[in-house]
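A.B. asks:
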Amino acid sequence: MDSCFIDVTVEFLSVAFHNILYYTSVYPRSIFETRRKYSMVVYHSTHPEVNQYIDLCLKSVAECLKSGQLSRVVFAVTGESHHPVIKFTFDLKKSDHFDETVDAYLVQCEQNLRAFCLSLSSLTSKFKELPEDSSFTIHLHTNESNAVALETNPDLEDFPLVEVKEQTQEAERIIPIRQFSIKNYNFDTYIGL
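In our numbering, the protein residues as written are 25 to 217.
In structure tokens, the structure reads:
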């Protein structure tokens, strides 16, 4: 797997996760600091335990990407009993028709990532009625052999993965955020309410 793709994807998901937490107000806005990324202001948590969880999830994402076995990442804001209230979905699909010379300097890629962040900020009105006791979880959709490999990875020993039985849940509404590509993968991002 292309290490540039992995780095850009993990960095993008980190920015997306922190901004989702900020815009959904899962935590008080006072625990966030502003940073510049993709030529715009983004938000980043300063809470050590929140950051540790996100970082460990992103390490798992990187490992799944290295093996080419990641099809979806879901960032779920949860309410009572950790039941998902809103899901931010990142579907990944490898492109069969990739031209290495197109966007070689990742200029278009950066514009697409900035557009995703701007789209996310414009959807804040959709997040007003979340429960006060909200939390979040991150779900990685991979295959069984990759899950076993992650469990035996010494870098992830302190971060056990929990297998979830295949569950399909109908969303009342799906709000598309953005479709874009990073190197040879296409991303489809949307919100399920």
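Backbone N, C-alpha and C define an ideal beta-carbon position, used for all residues, glycine too.
(1) Exposed or buried, what is Cys28 when buried is set at 16 or more other beta-carbons lying within 10 Å of its beta-carbon?
(2) For Thr125, which three-state DSSP category applies?
(3) Could one say the Cβ of Thr176 lies closer than 8 Å to chain D's Cβ atoms, at least one of them?
(4) Among the residues of its own chain, which have a CB less than 8 Å from the CB of His42, if the five just before and after it don't count?
(5) Kindly confirm or deny that the region 72–88 and the region 136–155 touch, where touching means at least three C-beta pairs closer than 8 Å.
(6) Rounded to a whole number of angstroms, what is the C-alpha to C-alpha distance between Glu156 and Val50?
(7) So what does DSSP say about Lys61, is it helix, strand or coil?
(8) Buried or exposed for Asn136, please, with buried defined as at least 16 other CB atoms from any protein chain shown within 10 angstroms of its CB.
(9) Examine the Cβ distances between the region 86–96 and the region 165–177 and report whether three or more of them are shorter than 8 Å.
(10) Going straight from the alpha carbon of Ser105 to that of Leu130, what length do you get?
(11) Taking DSSP's pairing of strands, which residues face Asn136 in a bridge?
(12) Round the Cβ separation of Ile198 and Phe99 to the nearest angstrom and send it over; I've been treating them as touching at under 8 Å.
(13) According to DSSP, what are the bridge partners of Asp115?
(14) Whole angstroms are fine: how far does the CA of Ser205 sit from the CA of Ser149?
(15) Can you tell me whether Thr161 is helix, strand or coil according to DSSP?
(16) Looking at Ile30: is its Cβ nearer than 8 Å to the Cβ of Phe112?
(17) Helix, strand or coil for Ser49, going by three-state DSSP, please let me know.
(18) Span of the alpha helix (DSSP H) holding Pro72?
(19) Measure the alpha-carbon distance for Glu153 versus Glu124 and round it to whole angstroms.
C.D. replies: According to the structure shown:
(1) exposed
(2) coil
(3) Included in the structure is just one protein chain, with no chain D present.
(4) Phe56, Val66, Tyr67, His68, Ser69 and Ile78
(5) no
(6) 8 Å
(7) strand
(8) buried
(9) yes
(10) 41 Å
(11) DSSP output for Asn136 lists no bridge partner at all.
(12) That pair is no contact at about 15 Å.
(13) Arg96 and Asp212
(14) 27 Å
(15) strand
(16) no
(17) coil
(18) Pro72 to Ser91
(19) 44 Å
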